[in-house]
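Undergrad: I'd like to ask some things about the structure below.
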Amino acid sequence: MERHTWPETHMEQTDVLPTVIMAAPGFDGVGPDPSPDPARRKLRRAGIVAGAVFGVLGLLYAVDLILSSGDVPRGVTVAGVDIGGLSRAEAEQKLHREIEPRLTQPVKLRAGGTDATLEPDTAGLRLDWAATLDGAGSQPLNPFTRLTSLFGGSHEIGVATSTDNLALTGAVEELRTKIDREPVEGGIRFDGATPVAIEAQNGQKLDVDGSREAIVDQWANGGTIELPVDSTPVKTNADAVRDALQQVAQPAVSGPVTVHGEGKDATLEPAAIAGALVFEPDGNGGLAVKLDQAKVVAAVQPQLASTEKEGKDAAIVFEGGRPTVQPSVDGKAINWDNSFKGLLDVLKLTANREVKAEYATKPAKVTTEAAKGLGINEVIGEFTTGGFAADSGQNIRRVAGEVNGAIVKPGDTFSLNGFTGPRTAAQGYVEAGVIKDGAPGREVGGGISQFATTLYNASYFAGMTDAGHKEHSYYISRYPAAREATVFQSPSGGSVIDLKFTNDAPTGVAIQTIWTPSSITVKIWGTKRYIIESVTGERSGFVDPQEKQGPAQNCHTTAGIRGFTVTDTRIIKDLSGREIKRSTRTVRYNAQPKILCPAAPPPA
292 MERHTWPETH MEQTDVLPTV IMAAPGFDGV GPDPSPDPAR RKLRRAGIVA GAVFGVLGLL
352 YAVDLILSSG DVPRGVTVAG VDIGGLSRAE AEQKLHREIE PRLTQPVKLR AGGTDATLEP
412 DTAGLRLDWA ATLDGAGSQP LNPFTRLTSL FGGSHEIGVA TSTDNLALTG AVEELRTKID
472 REPVEGGIRF DGATPVAIEA QNGQKLDVDG SREAIVDQWA NGGTIELPVD STPVKTNADA
532 VRDALQQVAQ PAVSGPVTVH GEGKDATLEP AAIAGALVFE PDGNGGLAVK LDQAKVVAAV
592 QPQLASTEKE GKDAAIVFEG GRPTVQPSVD GKAINWDNSF KGLLDVLKLT ANREVKAEYA
652 TKPAKVTTEA AKGLGINEVI GEFTTGGFAA DSGQNIRRVA GEVNGAIVKP GDTFSLNGFT
712 GPRTAAQGYV EAGVIKDGAP GREVGGGISQ FATTLYNASY FAGMTDAGHK EHSYYISRYP
772 AAREATVFQS PSGGSVIDLK FTNDAPTGVA IQTIWTPSSI TVKIWGTKRY IIESVTGERS
832 GFVDPQEKQG PAQNCHTTAG IRGFTVTDTR IIKDLSGREI KRSTRTVRYN AQPKILCPAA
892 PPPA
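Adding 291 to a residue's 1-based position in the sequence shown gives its number in this note's numbering.
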């Protein structure tokens, strides 16, 4: 009988494995087996061999216990450093010596072909030495585990990292500025008039969560860490780009295109063609080509401008004090849509590169028939003001000449600033008196507010709808209280304060201006619908003027004017005298300051 007893895994390392071999009765193990049974002899031999093997293994186990008495199991590696069989203190020293130098170096990263680095300290990465060694475990006492480890390979346990999650997330997010990119579709651009293929490039976005995990797992290894990215595929392929380059782009700029006009030709040069061609993905992997017609027209139209004829709108002129329609004249213009309909096909050719300009009649915006049908046949509103200075009178005469004959069609809104455009010296306006900050001054275009007040009152009594106006900041005695207007433009001619009214009548109106050296009259012609009355309210809320020091130069002393509040009510009646509606406007006028001029210096 044979019996093998192995130590339990909880035995101390000083325990010795006992081996007992039970021999057959009467056989001491030396010399021939006295048993006459061959089978029994074989069993005895097998028992002897097995006992010998177990004895050797037991001896190896005992020797291994003595020689590998360290705390760390055999074959354990941390970040590639072998610490197997070492005591915990020796293992920590070795890890500090071989790994710690890596921990101060930037961590190398690669994401989708883009290289980057990460500073461990900034990213909140620190190696937890104690937890790392805890992960290695301790020496096993199981004999089979110990003996098989003699013939096994290394076992990498990795490092334990103490991570500042907020800092690491922030550092990884910053990497996105280098790594993330939008997809670049394949296409064609032009270097001057030379077409160049654009290589398609997939887009990519950094997987932040996956990247954090990869960095924590591998940052202490010293190698380059591959970070996960999400790829955004492009819609075009290289073959499509090549075909578009060879079949469209290169022929398109191979030479000029001749545009035949009526009596004159224009040339569309390769550089202009290159600037007008647009290549976009067609959704099926290819490229669609488009032509920016506006750019083509801009290159050709100046050359053919003399072949076009500008039309002239019908106008209202006042002859003998009454409105007369001056006939409209139709123009002739190139129909660019029809002219360039087949241009893209022509651009694919390398010979016979020419197109023909097609012309069309360009009707006037206001035709003779339309002007005659506007119903402009009587005065429906009129107003006159006077008392202006000579220089202001020049500006009033200039603006009156521009506005005279203006037509406002049904539903349209008239803007004084918009109709005249800039009123500067370049347009013939002169410097004249103005009131600035409550004191007299001079500016180019001074006096235009008097024309605005006259026009406002004419439109008021014509029953036009107020579309925006502003009274003067203080009261001017030659104008009706609460029924006057000012206008203002910036030095460059931009509109700041405007006068607007809307013609909500079913018929049109025309503006007539009559200027004299002492007065300006504005008449609104149309079809009379209303009787207009104006009721001015009592003045109230008076405010006395304050004293204000005048300028050192060109100062004029004034007594000032009291400020007050006043209302104006417009009553609209139909032609039978029945009231339709009324509206009241309240205006607050500031007090005009009392200007004090500096005392004159005593005579020398």
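Using N, Cα and C, we set each Cβ at its ideal position, and we do this for glycine too.
These numbers come from a predicted model, not from an experiment.
What number of angstroms, rounded off, separates the C-alpha of residue 539 from the C-alpha of residue 474?
TA: For residue 539 and residue 474, the distance between alpha carbons rounds to 24 Å.
Undergrad: Beta-carbon within less than 8 Å of residue 878's beta-carbon, same chain only, minus the 5 sequence neighbours each way: which residues are those?
TA: Excluding sequence neighbours, residue 878 sits near 762, 772, 773, 856, 857, 858, 859.
Undergrad: Count the other CB atoms within 10 Å of the CB of residue 893; is the residue buried (16 or more) or exposed (fewer)?
TA: With fewer than 16 other Cβ atoms within 10 Å, it is exposed.
Undergrad: From residue 450 to residue 511, what does the alpha carbon distance come to, in whole angstroms?
TA: So the two alpha carbons sit approximately 7 Å from each other.
Undergrad: Here's a check: name, in chain order, each residue in its chain whose Cβ is nearer than 6 Å to the Cβ of residue 463, leaving out the five neighbours to either side.
TA: The residues are 499, 502, 503.
Undergrad: Which whole-angstrom value is the C-beta distance of residue 381 and residue 420, which I expect to be below 8 Å?
TA: So it is not a contact: roughly 13 Å between Cβ atoms.
Undergrad: Let me check one thing: in DSSP terms, what residues is residue 876 bridge-paired to?
TA: Paired residue(s): 859.
Undergrad: Please name the residue or residues paired with residue 627 in a DSSP beta bridge.
TA: According to DSSP, which records beta bridges pairwise, residue 627 is partnered with nothing at all.
Undergrad: Residue 848 to residue 712, Cα distance in whole Å?
TA: Computed Cα separation, rounded: 35 Å.
Undergrad: How long is the line joining the alpha carbons of residue 778 and residue 737, rounded to whole angstroms?
TA: Using only the alpha carbons, I get a separation of about 10 Å.
Undergrad: For residue 622 and residue 649, I'd like the C-alpha separation in whole angstroms.
TA: Their backbone Cα atoms lie some 14 Å apart in a straight line.
Undergrad: Have a look at 652, 614, 485 and flag the residue whose alpha-carbon is nearest the alpha-carbon of residue 696.
TA: The residue with the shortest Cα to Cα distance from residue 696 is 614.
Undergrad: Buried or exposed for residue 631, going by 16 or more other Cβ atoms inside 10 Å?
TA: Result: buried.
Undergrad: Who are the Cβ neighbours of residue 663 in its own chain at under 7 Å, not counting the five residues just before and after it?
TA: 616, listed in sequence order.
Undergrad: So for residue 409, helix, strand or coil by DSSP?
TA: Three-state result, residue 409: strand.
Undergrad: Take every Cβ of the segment 676 to 690, pair it with every Cβ of the segment 707 to 726, and state whether three or more of those distances are shorter than 8 Å.
TA: Counting Cβ pairs under 8 Å, three or more are found: they touch.
Undergrad: To the nearest whole angstrom, what separates the beta carbons of residue 495 and residue 471, a pair I think is in contact under 8 Å?
TA: At roughly 7 Å, the Cβ-Cβ gap stays under 8 Å, so residue 495 and residue 471 are in contact.
Undergrad: Quick check: the Cα distance between residue 881 and residue 852, rounded to an integer number of angstroms?
TA: Taking the straight line joining both Cα atoms gives about 9 Å.
Undergrad: Can you look up residue 392 in the DSSP assignment and give me helix, strand or coil?
TA: Helix at residue 392.
Undergrad: Please state whether the Cβ-Cβ distance between residue 582 and residue 571 is less than 8 Å.
TA: No, they are not a contact pair.
Undergrad: I think residue 517 touches residue 393, with their Cβ atoms under 8 Å apart; what is that distance to the nearest whole Å?
TA: So it is not a contact: roughly 18 Å between Cβ atoms.
Undergrad: Please state whether DSSP places residue 385 in a helix, a strand or coil.
TA: Helix, per DSSP.
Undergrad: With three or more beta-carbon pairs closer than 8 Å as the criterion, would you say the segment 670 to 682 touches the segment 626 to 645?
TA: Cβ pair count under 8 Å is below three, so no.
Undergrad: Note down the Cα distance separating residue 624 from residue 654, rounded to an integer number of angstroms.
TA: Each residue's Cα considered, the two are about 10 Å apart.
Undergrad: Can you say whether residue 754 is buried or exposed, counting buried as having 16 or more other CB atoms within 10 angstroms of its CB?
TA: Residue 754 comes out buried.
Undergrad: How would you label residue 884, buried or exposed, when you count the other beta carbons within 10 angstroms and need 16 or more for buried?
TA: The residue is buried, with at least 16 neighbouring Cβ atoms inside 10 Å.
Undergrad: Can you check DSSP and say which residues form a bridge with residue 806?
TA: DSSP, once it has assigned bridges, lists 811 as partnering residue 806.
Undergrad: Buried or exposed for residue 800, please, with buried defined as at least 16 other CB atoms from any protein chain shown within 10 angstroms of its CB.
TA: With 16 or more Cβ atoms within 10 Å of its Cβ, residue 800 is classed as buried.
Undergrad: Between which two residues does the alpha helix (DSSP H) carrying residue 502 extend?
TA: Note, residue 502: alpha helix (DSSP H), 499 to 509.
Undergrad: Could you work out which residue in 668, 562, 837 is closest to residue 820 when comparing CA atoms only?
TA: Among 668, 562, 837, the Cα nearest to that of residue 820 is on 668.
Undergrad: Less than 8 Å between the CB atoms is what I'm expecting for residue 749 and residue 690, so what's the real figure, rounded?
TA: Not quite, the Cβ-Cβ distance comes to about 14 Å (not below 8 Å), so this is no contact.
Undergrad: In three-state DSSP terms, what is residue 647?
TA: Correct three-state label for residue 647: strand.
Undergrad: Assuming residue 854 contacts residue 765 under a Cβ cut-off of 8 Å, what Cβ separation, rounded to an integer in Å, is found between them?
TA: Yes, residue 854 and residue 765 are in contact; Cβ-Cβ is about 7 Å, under 8 Å.
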